[in-house]
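For reference, the structure discussed in these notes is given below.
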Amino acid sequence: MAEFLLKQDVINAINLDGGGSATFVLNGTLSSYPSDHCQDNMWRCPRSVSTVVCVHEPRCQPPDCSGHGTCVEGHCQCAGQFWRGAACNELDCGPSNCSQHGLCTETGCRCEAGWTGSNCSEACTNGSFGEDCAKKCQCQNGAACDPAQGTCTCPPGFTGDTCVQECPLGWHGPGCQKPCECEHQCPCDPQTGSCNLTRAPILSSILSQGTVPSKPPGSRRGQIHTLPAPQPHPGVLQQSSVSHHLKSPCRRENSPFSPGPPGWPLPWPWFSFC
């Protein structure tokens, strides 16, 4: 009987010699000593009893199963879906381990900013960012939005926190980080950097920034100078500033005129400075 119980790992104290000695069994280790020295009564066998096997129910280690389970017949039954291990002290969110983009918790994967899904395997899309992709990006003009922080990477021709501002005169490229390289300080296309401006929308945009061509004393004809635009039409060319046949060191196209703003006496020029 004793051999059978030993193999079942359920014997903790054994009195075999009739003298009250006890054999302590734990994880395959045996230790014999007088049983009345044991502090726990459960380990003691009466000295008056001989050849009696003292058995008590196996215990879990630790007895409370690390606070994450219940001890049943010496084995921890872990609570929840994610506690694992003999002592219920290991978190396991599955073989993907939150896809290396999150932290496994007792309620499941807690994803890093920029990721979502039960396994944190889905990157933020559709203009969202942050934890669980719960925030909306504010980027404009087709700018890329960082899925973690929501910062904007501006496309060529735009700048600012949300890429809503067009490049200032003399600058171009992504985030307006590149200076124009046109001759005679002529402006360039804010997107491509080209020195041949032929598109009316670009010209109109440049003029709307409050910069107009003029010929101050001592300057060469056709150079660009920064001056406040006349009212009531900000950015409109002054009559004395430029004409369709103005000779300039900047290259220009002989493009057709279009009507100017209401009340403006001259045709609205549609041509390029460079």
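Quick note: the sequence shown uses this note's numbering, first residue 862, plus one each step.
Note that the Cβ used here is the ideal one computed from N, Cα and C, for glycine as well.
Asked, Found
"Would you mind working out which of ALA984, ALA974, GLU983 sits nearest GLY991, comparing C-alpha positions?", "ALA974"
"Mark GLU967 as exposed unless 16 or more other C-beta atoms lie within 10 angstroms of its C-beta, in which case mark it buried.", "exposed"
"Let me know if GLU934 comes out buried or exposed under the rule of 16 or more other beta-carbons within 10 Å of its beta-carbon.", "exposed"
"Would you list the one or two residues that DSSP bridges to CYS932?", "CYS937"
"Between the beta-carbon of ASN987 and the beta-carbon of SER957, is there less than 8 Å?", "no"
"Please state whether DSSP places HIS1033 in a helix, a strand or coil.", "strand"
"Taking only runs that begin and end inside the segment 947 to 1000, name each unbroken beta strand (DSSP E) of 3 or more residues, in chain order.", "963 to 966, 969 to 972"
"Leaving out five residues before and five after CYS998 in sequence, what residues of the same chain have Cβ atoms less than 7 Å from its Cβ?", "GLY988, SER989, PHE990, CYS1006, GLY1011"
"Rounded to a whole number of angstroms, what is the C-alpha to C-alpha distance between CYS1043 and HIS1033?", "12 Å"
"In this structure, how does DSSP classify CYS1013 when only helix, strand and coil are distinguished?", "strand"
"Label ASP953 either buried or exposed according to how many other C-beta atoms from any shown protein chain fall within 10 Å of its C-beta, with 16 as the threshold for buried.", "exposed"
"Let me check understanding here. Comparing Cα to Cα, which of GLY930, GLY1018, TRP976, VAL1025 lies closest to GLN1001?", "VAL1025"
"For GLU1044, does the three-state DSSP call read helix, strand or coil?", "helix"
"Taking C-alpha atoms, which residue in CYS970, ALA1004, HIS962 lies nearest to ALA1156?", "Any property of residue 1156 remains undetermined from this structure, which presents the chain solely from 862 to 1135."
"Who are the Cβ neighbours of ARG920 in its own chain at under 8 Å, not counting the five residues just before and after it?", "CYS932, GLY935"
"Helix, strand or coil for CYS926, going by three-state DSSP, please let me know.", "helix"
"Would you report the Cα separation of SER1055 and CYS1047, rounded to the nearest angstrom?", "11 Å"
"Thinking GLN938 and GLY930 are a contact (beta carbons under 8 Å), I'd like their distance in whole angstroms, please.", "5 Å"
"Is the distance from the Cβ of PRO1035 to the Cβ of PRO1017 below 8 Å?", "yes"
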